[in-house]
Every structure is written in structure tokens, then in C-alpha cells.
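Have a look at the structure below, then the notes.
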Amino acid sequence: MNTDETTRQALVALIPRLRRFARVLTGNMADADDVVQACLEKAMLNLDQWQPGTRLDAWVFRIARNHWLDNRRRAHNRMGHDDISEMPDLVGDDGVAVVEAGDEARMVRAAVDALPPDQRDVVALVILEEMSYREAADTLGLPIGTVMSRLSRAKAALAKRIAGTGAVQ
Amino acid sequence: MSASFTDAQLAAFLAGTLVDEALIDAIEVAINADPDLAARTEALAAGHEIDPLVQAAFAPVLDAPVPERLIAAATMRDAPDEAEVVSLDEVRAARSRAAPIPANDTARGSWGWAQIGAMAASLALGVMIGGPLLKAGSDAPQGASLVLASADLDAMLDNAPSGQLVELAALGQGEVVLTFRNIDGQLCRQFMIESVGGATSDALACAGGAGEGWQIEAYGRRAAPIGEMRLAGGDAAPAVIAAVDAMIDSDPLIGADEATELSKK
């Protein structure tokens, strides 16, 4: 198994996280999957530009985000329905608990989707990907203080929206 | 400068609980200008009560089935929507034209991947590219070629007699239509694949020798899908027919002769 093949397998393994990242960036799964597909194609074309020993995920997220910044005017921007709640795995055994958890999740997603684009980037990397501020700053090509302030404002906005609905005490 | 903000202010800044917008901006500017302050602030980072809520809200995406087109994009087994026929000779010729470009030139690397992606798409098969063809270095052996990556396909080429329909799992159905030895004495097999989606591809593979497996020498997609598998005939992709004509140096091997030749490849 050569290195390229190993890297390809690592790329395939990254797809679920890449979809989640793109979903936060784009606000909908249709655009997210278009971004992921273009990102994977670009990554495959430029695999020789990735430096082994550095984070493959950060490299790929950067490609995805740059693609989205370049192409978002052409995106569908289908908003208005919550596509994640339509995903089959939300259906569980305890119907009531699932519905309640689903309502809360829907509301949290709506709050995230309502954030300005440059705050969604940092939410996706720091909260969901659990990157450090430094890693997120390197991935986004931003100064670390700017990442911190964007996340600060994002957290304030999320807390306000979510607290207003009772999910956070 | 670091000293001008308290830990409480910095922690509140990170937590999103500062209400003074001007103070938020001032801290951002100060951190960007002062690595020590950045490090001090990083050390104050803590989880936030909304973090697990946000994580849970987007968790279904991680668990959802991944669309096939995304896996195809990462493995270059693209859905074949562009009929394109590329011969290996064209690839080699283009490669040698590209040879003067420095090995680390990105355009050259991109060219290789793009071409190979188009070829993989044209074949509509799970093909993997042999390492040497991809390496930008000049020491790639002349025999660099496409190497079949599908175990099902490999098994069909290794064992199946001509004319026998073979199930190839995710690829669809395959059939070897012609077996012969080429002018170099290699065993070669022309075959077709009808994908699950109905597209039919033709290909010619020759045994690489020395345990290298099967290498694709030519391939192409048929202009229109056909409803059922047919025996070898004039409707195979022109590039494949031309390659067979150019390479064939024995009578078609069939029956017991074919089995014997396959066993010694």
C-alpha cells in the first residue's frame, strides 16, 4: 500500500467530518455536499502539495472553506427547512426523548445557521472540530485574536438565542 | 500591554460574556499584536456550556450515510458522465512532453491527476493508478501503467474463460471477450464491463509479468449503453479494438488452450 493510497483512505475517512464542517459553513446539506465534492477533487488533484507530518484534516478544511468563499454566490442557499432533522439516524427507540432532543437540536442549528459566515467558520473548527484557537487560526489564515473575538461574539449570540428558548439554564 | 487586561476580562472575552464591543475589539487587536498576551489568553480557554449542544446538534451529519459521489470524488472513481477515450500511448507521449518541467512544478502534478481522473471516469471501473505514473521523479519505469485495483476484476481476468458473464459486485457485470498473446509474449485479455448504471466500457489488459498483475493497455466507453451483454464484436470501443489489432500476435485462445495459458500467464 503506497503513501498516496494511504492518504486517499484518510481522505475517505475524513468525509463525515468534512460534511459537518461544510454544513456549518453553507447552512444546508445540498451546498455542503457540493463543497465537499469539489474539495475532495481539489485535494486529490493537489495531493502532492500536502506536507506529510502536517494535519491532513486542517489542509482539507482549508480547501473546503476557500472553495466555499469563491463559490458561494452560485450556491443554492436552500434554507427554510432543517435538513439534518431529516437524517434517518435521529429516529430512536424512545420517541418522546428523540422528539425533544430533536427540537433542541433544531433550535441550536437554527442559531448556528443565523450566525455571520465568519463566525460559523470558527464555530465549526473550535467547537465542533475541537481545534485550539491556534490551530483554527492557522487553518483559517487569521490572527489568533481575531479567531478569539469571532468565537466570542458567536458564543454570545448563540447563548442569547439558546437561552431564550430554555435549553441553557 | 498584557498587563492592561485582567484574567477575568480575558476569560470573559473567550466565553463571549463581554458586552462592551469596544473592549472586545481592543482585546482582539492587543492579542494579535502580542504573542505573550495570546498565550496567556489561550491558557484561559475553557469549555462553554453551549459547546455540547452545538456538538449534539450537528452529530447526525457524522453518522449519516456518505453519498456515493463523495466517496467517488476521494477515490477518483467518478460517475462516468463524460465519454472520453485516452490511450496509454497518449499519456506516455504527454508525459514525455512534460518531462522538462521541474519535478516540483505543481502544474505538472495537476495535469497528471486530471488526466488520470478522466481516464478512470472513462473506464467506469475501480482502477487505481500505479505509483510510478504519478511520481514526478524521472526514475519512473517505462512500464508504468494503470493497475487494476478491483479484486473481483483481477479474479475475472485471472480465471474466467472467455464468454462467461461474471458478477463484479459494485462494478456491475463483466465478461472477457478475447484472450491472446501479444508480440512480447504477454497474455492479454479484452473485456467489457457493464456498470450497475448501464454504461458499458471496454478494456484491454495484459499480464505485467513478475507478479505485477494486470495492466490496462487501452479502454474506452461505448457511445450508448446497451441493454445486455454481447459477445465480442464491432461495437466495442474503437480505442480498444485498435489496441487489440495492434498487439495481437496469436490466434484467440479458447477452451482448454485458454485455461492452460491462464494458468501460466
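Protein chains in written order, with my numbering: chain F, 5 to 173; chain U, -3 to 261.
Cβ coordinates follow ideal geometry from the N, Cα and C atoms, glycine included.
Counting contacts by CB-CB distance shorter than 9 Å, is residue i in contact with chain U?
{"i": "M152/F", "result": "yes"}
{"i": "I166/F", "result": "yes"}
{"i": "Q55/F", "result": "no"}
{"i": "M48/F", "result": "yes"}
{"i": "P147/F", "result": "yes"}
{"i": "V127/F", "result": "yes"}
{"i": "D61/F", "result": "no"}
{"i": "G96/F", "result": "Low per-residue confidence applies at G96/F: pLDDT is 45, beneath 50, and the placement is therefore not dependable enough to give any value."}
{"i": "A163/F", "result": "yes"}
{"i": "A140/F", "result": "no"}
In whole angstroms, what separates the C-alpha of residue i from that of residue j?
{"i": "M(-3)/U", "j": "A26/U", "result": "Per-residue confidence for M(-3)/U stands at a pLDDT of 46, beneath the threshold of 50, marking its modelled position as unreliable; the derived number appears in the next sentence. Computed Cα separation, rounded: 7 Å."}
{"i": "R157/F", "j": "A233/U", "result": "60 Å"}
{"i": "V28/F", "j": "G149/F", "result": "22 Å"}
{"i": "T10/F", "j": "V126/F", "result": "29 Å"}
{"i": "D52/F", "j": "I67/U", "result": "20 Å"}
{"i": "L258/U", "j": "L183/U", "result": "8 Å"}
{"i": "S153/F", "j": "G31/F", "result": "22 Å"}
{"i": "V39/F", "j": "R66/F", "result": "12 Å"}
I need the boundaries of the alpha helix (DSSP H) containing residue i, first residue and last residue.
{"i": "I23/U", "result": "17 to 29"}
{"i": "F54/U", "result": "47 to 59"}
According to DSSP, simplified to helix, strand and coil, what is residue i?
{"i": "N50/F", "result": "coil"}
{"i": "D245/U", "result": "coil"}
{"i": "V16/F", "result": "helix"}
{"i": "G106/F", "result": "helix"}
{"i": "P121/F", "result": "helix"}
{"i": "Q211/U", "result": "strand"}
{"i": "G251/U", "result": "helix"}
{"i": "G145/F", "result": "coil"}
{"i": "P56/F", "result": "strand"}
Is the Cβ of residue i closer than 9 Å to any Cβ of chain F?
{"i": "P56/U", "result": "yes"}
{"i": "L164/U", "result": "no"}
{"i": "F9/U", "result": "yes"}
{"i": "N28/U", "result": "yes"}
{"i": "A60/U", "result": "yes"}
{"i": "V236/U", "result": "no"}
{"i": "G12/U", "result": "yes"}
{"i": "T71/U", "result": "yes"}
{"i": "G20/U", "result": "The sequence shown places Ile at residue 20/U, not Gly. Yes - at least one Cβ of chain F is within 9 Å of the one on I20/U."}
{"i": "T175/U", "result": "no"}
Specify, as a first and last residue, the run of the beta strand (DSSP E) that residue i falls within.
{"i": "S197/U", "result": "196 to 203"}
{"i": "R185/U", "result": "183 to 190"}
{"i": "L161/U", "result": "161 to 163"}
{"i": "G170/U", "result": "169 to 177"}
Exposed or buried, residue i, counting other C-beta atoms within 10 Å across all chains shown (16 or more means buried)?
{"i": "R78/F", "result": "exposed"}
{"i": "R165/F", "result": "buried"}
{"i": "D180/U", "result": "exposed"}
{"i": "G170/U", "result": "buried"}
{"i": "K260/U", "result": "exposed"}
{"i": "V262/U", "result": "For residue 262/U there is no data in the structure shown, the boundaries of chain U being -3 and 261."}
Is the shortest distance between the beta-carbon of residue i and the beta-carbons of chain B less than 9 Å?
{"i": "L66/U", "result": "Of the protein chains in the structure, F and U, none is chain B."}
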